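**Student:** Numbering (the working numbering), first residue to last: 6 to 324. By construction, the Cβ of each residue, glycine as well, lies at the ideal position given by its N, Cα and C atoms. Only a predicted model underlies this, so the values are computations on that prediction, with no experimental measurement involved. Mind having a look at this structure? Questions to follow.
Here you go:
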C-alpha cells in the first residue's frame, strides 16, 4: 500500500488526480484542505511531512489564473508559487519522500519559441510578459527538482501541461482562463438572449487544450514510469515532460466550438483592443508518445461534458 499526498486536491488538476487514484486499490490518498494546512507556512508544511510516512507527492497546488489575473497580481503569482513549491518540495525531501511529481505550465517557454515547443526550448528566450512572474516560479520548481535529483539521488519529476479545462475549473468572470471565461460568457448570453458575445483578442492566436482528466492520467503515468524507461527518453538535466494533445485551434475556432457546446445562437464579436498573449502555444508531445501515453478526450466532447458540469454546479451563480 502506497501513501500518496496530493497537494492542491481541491483544485482542478488535484481533484482530477484524486479521482484517478481513487480507482486504484493499492493507494492510500492523503489530502489537506487549506484551512488544515497552509502551504505558504514553511513550519506547518515541514511538520506535516515529518508526521506522516509518504511515498509519493503530487504537487498540484498553485496560484493560477488567466491573462487578466496574471497581469493584475504579478507579485502574488511569483511569491505565492515560489513559496508553495519550495515548502512542499523541500519539506518532502527533508522527510525522506523519494518520489514527487511537480506540475508546471507551458508558459515556461519563450514567447517566440519555435512551434511546436520542445522541452529543450526552456530558457532559450524572453517569456511572455503578462505571465512572466508565474513562469519564472514554475521554471524554478523544475530546476529545484532536477537539482535534488542530481545532488541527492531522489526521483522528483516535472510535467508541463498545455492549457487545461474541465471539472472544477475556475469560472470567475475576470480571473479565469479562456475556456471557462468563454463558457460562462456564452451561458449567460444564452440565458439573457443577448444578440452577441464579445471575445477578447483578435481571435487569430492559436492555443492547445487538454481535458483535466487526461492530465491526471498523464500525471499518474509519469509518476509510476520506471526510471529505466523514463531516462531512455529524457536527460536528467532536462527532465521535464510536455503534456498535451499535439494539436491546436485558433481562439475563433474555440469560440465557434463553444457556441455548439453551450447552444448559444448569437454572433461573435472580437475585441482586438484586449491582449492576445503569445501568438501560438503548441507543445511538442513526442516524448510522451515515445513513453507510451496519448490523450483520449477530444475538444468537442470535453467542452460538452464540461458545460454539463458547469450547468450542474456553477451555472446558476452570478457575479
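When the distance is taken between beta carbons, is residue 59 closer than 7 angstroms to residue 8?
**Tutor:** Result yes, Cβ atoms of residue 8 and residue 59 sit closer than 7 angstroms.
**Student:** If we require 4 or more residues per run, which alpha helix (DSSP H) segments fall completely within the stretch 9-64?
**Tutor:** The stretch 9-64 contains these whole alpha helix (DSSP H) runs: 17-26, 47-55.
**Student:** Give the DSSP-derived three-state secondary structure of residue 72 in the structure shown.
**Tutor:** Helix.
**Student:** Can you tell me whether DSSP reads residue 179 as helix, strand or coil?
**Tutor:** Coil at residue 179, not helix or strand.
**Student:** Considering only DSSP beta bridges, list what residue 211 is partnered with.
**Tutor:** Bridge partners of residue 211: 255, 285.
**Student:** How long is the line joining the alpha carbons of residue 174 and residue 57, rounded to whole angstroms?
**Tutor:** Residue 174 and residue 57: Cα-Cα distance of roughly 30 angstroms.
**Student:** Go to residue 247, then tell me how far its beta strand (DSSP E) extends in each direction, as first and last residue.
**Tutor:** Start and end: 246-248.
**Student:** Taking Cβ positions, are residue 197 and residue 266 nearer each other than 7 angstroms?
**Tutor:** Result no, Cβ atoms of residue 197 and residue 266 do not sit closer than 7 angstroms.
**Student:** On the three-state DSSP scale, how would you describe residue 324?
**Tutor:** Residue placement at residue 324 cannot be trusted, given a pLDDT of 39 that sits under 50; the coordinates are not used to answer.
**Student:** Below 7 angstroms CB to CB, which residues in the same chain sit around residue 195 once its five sequence neighbours on both sides are set aside?
**Tutor:** Here the set comprises 267, 268, 269.
**Student:** According to DSSP, simplified to helix, strand and coil, what is residue 301?
**Tutor:** DSSP places residue 301 in coil when its eight states are reduced to three.
**Student:** When the Cα atoms are used, what is the spatial distance from residue 100 to residue 16?
**Tutor:** So the two alpha carbons sit approximately 25 angstroms from each other.
**Student:** Within this structure, are the beta carbons of residue 227 and residue 21 separated by less than 7 angstroms?
**Tutor:** No, the Cβ-Cβ distance between residue 227 and residue 21 is not below 7 angstroms.
**Student:** Can you say whether residue 343 is buried or exposed, counting buried as having 16 or more other CB atoms within 10 angstroms of its CB?
**Tutor:** Coverage of the chain is limited to positions 6 through 324, which leaves residue 343 absent and any answer about it impossible.
**Student:** For residue 168, write down the residues that DSSP places opposite it in a beta bridge.
**Tutor:** For residue 168, which the question treats as bridged, DSSP gives the partners 214.
**Student:** Determine the direct distance from the alpha carbon of residue 258 to that of residue 324, and round the result to whole angstroms.
**Tutor:** At residue 324, the pLDDT of 39 sits below 50, so the modelled position is not reliable; the number obtained from the coordinates is stated separately. Taking the straight line joining both Cα atoms gives about 27 angstroms.
**Student:** Starting from residue 240, follow its DSSP beta bridges and name the residues at the other end.
**Tutor:** DSSP lists 243 as partners of residue 240.
**Student:** Name the DSSP bridge partner or partners of residue 314?
**Tutor:** Note: residue 314 sits in no beta bridge, so no partner.
**Student:** Using 8 angstroms as the Cβ pair cut-off and three pairs as the minimum, do the stretch 207-224 and the stretch 290-309 touch?
**Tutor:** A contact exists between the stretch 207-224 and the stretch 290-309.
**Student:** DSSP three-state call for residue 122: helix, strand or coil?
**Tutor:** Here residue 122 sits in strand by DSSP.
**Student:** I want to know whether the stretch 282-290 touches the stretch 156-164 - three or more CB-CB distances under 8 angstroms.
**Tutor:** No, they do not touch.
**Student:** Indicate the three-state DSSP secondary structure (helix, strand or coil) for residue 156 in the structure shown.
**Tutor:** Three-state result, residue 156: helix.
**Student:** Can you name the residues that DSSP bridges to residue 162?
**Tutor:** Paired residues: 106.
**Student:** Going by beta carbon distance, what residues of the same chain come within less than 8 angstroms of residue 42, once the five residues before and after it are set aside?
**Tutor:** Correct list, in chain order: 49, 50, 53.
**Student:** On the three-state DSSP scale, how would you describe residue 193?
**Tutor:** Residue 193 falls in the helix class under three-state DSSP.
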